[in-house]
Amino acid sequence: MGQVTLRGLRKSYDAVEVIRGIDLEVQDGEFMVFVGPSGCGKSTTLRMIAGLESITGGDLMIDGVRANDLRPADRGAAMVFQSYALYPHMTVAENMGFSLKMSGVKRAERDDQVARTAGILRITELLGRFPKDLSGGQRQRVAIGRAIVRKPKVFLFDEPLSNLDAALRVNMRIELSRLHKELGSTMIYVTHDQVEAMTMGDRIAVFNKGIVEQLGAPMDLYNRPANEFVATFLGAPRINLVDMPTSASTQAHQALWAALKQDAMPSVVRLGVRPEHLHVLAPGQGTPATVALAEHLGDSSILHLRVDGVADLLHAKVGADSSHYTAGTTVGLSPDANWVMAFDAAGRAVR
Ligand code: ADP
Ligand code: MG
């Protein structure tokens, strides 16, 4: 079992409240991702679950038992840090077996457990090495191995891939998803990277300033965000937001708004459309726009577009056959009306 429930969880440092009431339930065997910008309280929440920070208010339940005041070792949670935190004077095998040794597990059983874990992580050939003789990716595997041998009910990961280069991060992302399937354990994974969140999570909790803005399956959050914060945080390039025009606004701004807005929704002050849903047409069709910058990525291009009178540049994601667009090209824009999102003055999604 490995069910984690947070009820009205709070944390203050002196007079400053950094976690302001979090309610969520992580199911047994679930891969839950906490995502949000730096400083929003992801690590603090994870550390409260691990027992590395005291809890100021609310309840932490692990498998139905209130765990607020349990010692870290009694919570059944194992944490993996961004910094790896390996013991430099111990071999890989010794690092991985250390916690078992501390809790009195016999040599033979320890070796067996370490060997099995090394097999799962594909690091068997590294067992005799010291941390200084390992690459970053290998060190991270050892750190994960050290958590696995403890057979925790719940794994807690705090940005474990942030120190790795881009290619290795993609690799480890896939490895961790495989590991989750293989072990079937509950995992709570903290990241500021929306791609990791989208690709790894069974569900995602989007954090902002010490609260959870929205909790749900990745594609639900992407397609049906509860508010502008979630809509903007998930997706790169980020969603285009267009303010309601006034009578003084340009014709182009008013035309764009009219193309976006389908029904009468009185409380709406801003509309959003993702770059992949903003179609680029020949000039003369749709809303007139000028390419300010074209980024050709090979498989696709990102066009940064200026619409006369609209403050922010708009972003459109177009296909591989778009290398003829350059700065200064005139185009027409047509949003896919099926995917337009509407927001009220408080930033809440209006449906
Ligand atoms: P995240 O992991 O999402 O980047 P953290 O959980 O580390 O964010 O931090 C959340 C907030 O709590 C931040 O504003 C941070 O400055 C504050 N904070 C974290 N640790 C302490 C501490 N020991 N004392 C005071 N404030 C802290
Ligand atoms: Mg953090």
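Quick note on my numbering: the sequence shown kicks off at 65 and runs consecutively. Ideal Cβ placement from N, Cα and C applies to all residues, glycine included.
Proximity of residue i and residue j at Cβ, strictly below 9 Å
i: residue 105; j: residue 271; result: yes
i: residue 347; j: residue 310; result: no
i: residue 256; j: residue 144; result: no
i: residue 370; j: residue 377; result: yes
i: residue 260; j: residue 107; result: no
i: residue 241; j: residue 95; result: yes
i: residue 249; j: residue 282; result: no
i: residue 268; j: residue 90; result: no
i: residue 74; j: residue 81; result: yes
i: residue 155; j: residue 191; result: yes
i: residue 391; j: residue 357; result: yes
i: residue 305; j: residue 258; result: no
i: residue 351; j: residue 397; result: yes
i: residue 285; j: residue 251; result: no
i: residue 235; j: residue 147; result: no
i: residue 379; j: residue 289; result: no
i: residue 150; j: residue 210; result: yes
i: residue 109; j: residue 76; result: no
i: residue 187; j: residue 243; result: no
i: residue 68; j: residue 218; result: yes
i: residue 326; j: residue 401; result: yes
Distance cut-off 8 Å: residue i Cβ against heavy atoms of the ligand MG
i: residue 257; result: no
i: residue 260; result: no
i: residue 138; result: no
i: residue 223; result: yes
The ligand ADP heavy atom lying under 8 Å from the CB of residue i
i: residue 77; result: yes
i: residue 271; result: yes
i: residue 254; result: yes
i: residue 108; result: yes
i: residue 101; result: yes
i: residue 72; result: no
i: residue 80; result: yes
i: residue 274; result: yes
i: residue 105; result: yes
Residue closest to residue i, alpha-carbon to alpha-carbon, out of the options
i: residue 125; options: 148, 157 and 92; result: 92
i: residue 385; options: 291, 114 and 344; result: 344
i: residue 264; options: 287, 278 and 233; result: 233
i: residue 253; options: 113, 289 and 363; result: 113
i: residue 363; options: 355, 325, 387 and 79; result: 387
i: residue 329; options: 406, 78 and 381; result: 406
i: residue 122; options: 116, 115 and 132; result: 132
i: residue 169; options: 213, 78, 182 and 135; result: 213
i: residue 404; options: 266, 287 and 317; result: 287
i: residue 117; options: 135, 102, 359 and 130; result: 135
i: residue 366; options: 353, 231 and 382; result: 382
i: residue 266; options: 273, 245 and 274; result: 245
i: residue 321; options: 399, 355 and 274; result: 399
i: residue 307; options: 315, 164 and 375; result: 375
i: residue 195; options: 153, 230, 167 and 166; result: 153
CB contact below 9 Å: residue i versus chain D
i: residue 193; result: Annotation note: the requested chain D is absent from the structure, which comprises a single protein chain.
Counterpart residues of residue i in DSSP-defined beta bridges
i: residue 394; result: 354
i: residue 77; result: 80
i: residue 280; result: 268
i: residue 253; result: 97 and 221
i: residue 381; result: 366
i: residue 306; result: 335
i: residue 126; result: 68 and 129
i: residue 359; result: 366
i: residue 121; result: 74
Cβ pair count under 8 Å reaching 3, the region 329-340 against the region 405-414: With a cut-off of 8 Å on Cβ pairs, the region 329-340 is in contact with the region 405-414, counting three or more such pairs.
Cβ contact check for the region 80-94 and the region 133-140: 3 or more pairs under 8 Å: Contact fails: fewer than three Cβ-Cβ distances are below 8 Å.
Contact between the region 173-181 and the region 150-162 (3+ Cβ pairs under 8 Å): Contact between the region 173-181 and the region 150-162 is present, because at least three Cβ pairs lie under 8 Å.
The region 116-134 touching the region 196-207, judged by at least three CB pairs closer than 8 Å: They do not touch, by the three-pair rule.
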